Every structure is written in structure tokens, then in C-alpha cells.
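Chains as they are written, first to last, in my numbering: chain U, 132 to 276; chain W, 132 to 276.
Notes to accompany the following structure.
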DNA sequence: CTCCTAATTGCAACTAGTTGCAATTAGGAG
DNA sequence: CTCCTAATTGCAACTAGTTGCAATTAGGAG
């Protein structure tokens with residue numbers, strides 16, 4: 132278990148939540164996975180270690196971790212959300228609604244908006260990892276002919 | 132059936148898709164609904180008019196309309212997507228991941244980013260109706276104490 | 001109008017995720 | 001260490017949405 136992982140667990144407790152073995156297993160599975168991972172895959176990996184862990188506990192833990200912003204949740208339009216630790220440098224995903232091609236961009240794009248929302252609405256936006264839908268260059272061009 | 136509605140159907144055909152009675156009913160139900168409406172509610176209203184219409188046809192039609200950008204799809208974090216016609220002035224929703232409070236903002240915020248993404252990546256972002264997650268003023272303040 | 005074919009629908013089985021509730025338990029008080 | 005209580009888990013039933021495939025049909029060609 133990494134120090135990072137332990138810190139997250141402490142974070143959980145600080146927020147008045149209980150630190151159960153089930154939650155610890157779920158969090159460590161996400162920590163041990165590089166990149167994006169689906170709820171179902173998380174359930175599979177959790178069960179590999181602890182076969183009797185109930186699936187509703189896993190889903191509820193994922194909801195909780197997302198709500199506390201301990202993990203990223205991104206909808207890439209595959210019909211299911213993907214989870215990831217907050218550790219990579221901030222970046223965003225441009226997703227083509229036609230061909231589903233995904234392009235990555237760096238985070239600087241949204242910095243000004245983040246400040247604006249904070250100043251104007253007092254809203255602390257989670258803009259460190261964002262899925263933006265639209266049409267990629269190729270599909271936009273084809274659309275017009 | 133409004134002129135708007137007919138134009139959308141023609142739009143469908145122009146893109147090489149078929150104009151089936153099922154699709155017409157689904158689209159007219161969304162047209163007739165003010166504001167956001169869930170897939171399930173759409174299915175209910177469709178069935179009120181045409182009880183034997185199959186639910187997979189409805190779900191597939193919704194996917195298609197979203198992909199062609201004829202309707203808006205927004206995830207307000209209720210565990211299901213909400214659909215809406217493109218007719219209101221552009222606006223965005225700030226959703227608090229803790230208390231789920233929703234604040235509306237106008238569209239001007241994202242205009243510069245839309246241009247930047249188009250210029251730099253050739254990506255035509257659908258930023259006319261956006262759900263932004265984060266913490267509202269109140270929850271952000273509580274988090275710090 | 002008839003024929004043809006690829007797109008679409010309807011169906012039935014399935015899957016991912018949710019819910020309500022009783023049983024269990026983390027963590028705090030004594 | 002023991003007791004207590006609210007938070008959490010496990011369970012079983014359920015619900016929303018998806019999938020593969022055979023049957024149907026929109027729209028185009030002749």
C-alpha cells in the first residue's frame with residue numbers, strides 16, 4: 132500500500148466517513164491500476180482478492196470517492212463511466228460524437244474559466260479532467276459536403 | 132407538428148437516415164416537452180400515443196438524435212441522462228458534487244475556448260449546453276473548516 | 001407499381017447498476 | 001475492555017438500458 136493510498140484513506144476518515152476493509156480494497160484496486168478503469172473491471176479486480184465483497188458496496192464506494200473527489204470519473208461515451216486516480220498532470224479529452232475519436236489537450240485551456248467561475252459564482256469547478264463532446268476535424272468537414 | 136419539427140426530420144433524411152414513424156413520434160414527443168426530459172419519461176409519453184412502440188427503438192432513436200446533435204443530452208448526476216431540444220439560448224449548468232445544487236450561467240463563458248479548440252485542434256466543440264461539476268460556494272466553505 | 005437491399009424495428013434474453021431493509025460493525029464514550 | 005449508535009454492508013429483488021438476430025420496411029431503381 133503506497134503512502135499516497137494511505138493519505139487518501141485518512142482523508143476519508145477526516146471527512147467523517149468510516150474506513151472499512153471494503154473501501155480500502157476498492158481504493159487500492161484503483162490505485163494499483165494505471166489509467167482509466169470501469170466500475171465493472173474494478174469489481175472484477177476486487178473480487179480477485181476478496182471474492183465475497185458485495186457489488187453494491189463497490190458501487191457505493193465509487194459514488195462516495197467521486198463525491199469526495201478522491202477519484203476522477205469520466206464519461207467517454209462508452210455507455211459506462213471510467214474511474215481514475217488524481218495523479219496525472221491535468222488534461223482534457225475532446226470526444227467526437229460521430230466517430231468517437233478521442234484527442235487529448237492540456238489543462239491550461241480552462242484555467243481562465245476556472246477563475247471566472249470562482250470569482251463570479253463562488254463555484255469551485257472540477258476542471259482538471261474533462262470530457263468535451265463535439266465533432267473532430269474530419270467529421271466536421273464531411274458534415275458540410 | 133411544428134415547422135421546426137419537420138425541419139429536423141428532413142435533417143435526419145439528409146444525413147442518409149430513414150424517416151420512420153417511430154423516430155417521428157420520439158422526436159415530436161421531445162419537441163412537445165418543455166425543458167429537460169428523461170429517456171424513461173420519453174418512453175412513457177411515446178407509449179401514451181402509440182402503445183406498441185418498442186423500447187429499444189426509443190433508446191436507439193435517442194442515441195441517434197444525440198449523435199446528430201439534434202437534441203441536447205445532459206448528465207445532471209441523477210443517474211440518468213436528460214434530453215432537450217436545442218432551442219433555448221445557450222447556457223451552462225454548474226452542479227455541486229456534494230449537495231447537487233444546480234446553478235445556471237450564460238453561454239458567453241465558453242466562447243473563447245470554443246474558438247481556441249477550433250483553431251488549434253480543428254475540433255467543433257458542443258459547448259452550447261454544458262454540465263460542469265465542482266463544489267458550490269457553501270460546500271467549498273464547509274470543506275475547509 | 002414492383003422489386004430489391006440495406007437500415008431499422010421488435011423481441012427476448014441479458015447486463016450493469018440501484019434500492020430498501022435487516023444484519024453487521026467502525027469508532028467513539030465510559 | 002464493554003457498550004452504544006449511526007454508518008455501512010450484504011442480500012435479494014428490481015429497473016433502466018443494451019444486445020444479437022430474425023422479421024419488417026423506407027426509399028431508391030427500373
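Idealized CB from N, CA, C, for every residue including glycine.
Only a predicted model underlies this, so the values are computations on that prediction, with no experimental measurement involved.
| Item | Value |
| --- | --- |
| Distance, residue 181(U) Cα to residue 202(W) Cα | 44 angstroms |
| Chain-ordered neighbours of residue 228(W) on chain U, where CB pairs are closer than 8 angstroms | 197, 198, 200 and 257 |
| Rounded Cβ spacing between residue 162(U) and residue 227(U) (contact assumed at less than 8 angstroms) | In fact, because the Cβ distance is near 31 angstroms, the residues do not count as touching under 8 angstroms. |
| Listed by chain order, chain W residues near residue 162(U) by CB distance under 9 angstroms | Within 9 angstroms Cβ-Cβ: nothing; residue 162(U) doesn't reach chain W, min ~21 angstroms. |
| Distance CB(residue 222(W))-CB(residue 235(W)) smaller than 8 angstroms | yes |
| Beta carbon of residue 257(W) nearer than 8 angstroms to that of residue 265(U) | yes |
| Close beta carbons around residue 170(U), own chain, < 8 angstroms, minus the five adjacent residues each side | 189, 190, 193, 211, 212 and 214 |
| Candidates 173(W), 183(W), 184(W) and 199(W): closest to residue 273(U) by CA position | 199(W) |
| Closer than 8 angstroms to chain U by CB, residue 268(W) | yes |
| Option nearest residue 185(W) by Cα separation, candidates 205(W), 248(W), 154(W) and 207(W) | 154(W) |
| CA nearest to the CA of residue 239(U), picked from 247(W), 238(W) and 177(W) | 247(W) |
| Expected contact under 8 angstroms - CB spacing of residue 255(W) and residue 271(U) to nearest Å | 5 angstroms |
| Residue 250(W) versus residue 269(U): straight-line alpha-carbon distance, rounded | 14 angstroms |
| Short Cβ contact (8 angstroms threshold) for residue 157(W) with residue 173(W) | yes |
| Run of the alpha helix (DSSP H) containing residue 192(W), from where it starts to where it stops | 186-198 |
| Per-residue burial, residue 150(W) [other beta carbons within 10 Å of its own, 16 or more giving buried] | exposed |
| With 16 other Cβ atoms within 10 Å as the buried cut-off, status of residue 159(W) | buried |
| Buried versus exposed, by CB contacts within 10 Å (16 or more), residue 245(U) | buried |
| Local conformation of residue 250(U) per DSSP, three classes | helix |
| Residue-level contact to chain U via CB, residue 254(W), 8 angstroms cutoff | yes |
| Residue 248(U) at chain W interface by Cβ criterion, 8 angstroms | yes |
| Beta-carbon gap between residue 148(W) and residue 195(W) smaller than 8 angstroms | yes |
| Supposed contact pair residue 207(U) and residue 165(U) - C-beta distance, whole angstroms, cut 8 angstroms | Wrong, their Cβ atoms sit about 16 angstroms apart, outside the cutoff. |
| Contact set for residue 197(U): own chain, Cβ-Cβ below 6 angstroms, skip 5 residues either direction | 204 |
| Residue 225(W) at chain U interface by Cβ criterion, 8 angstroms | yes |
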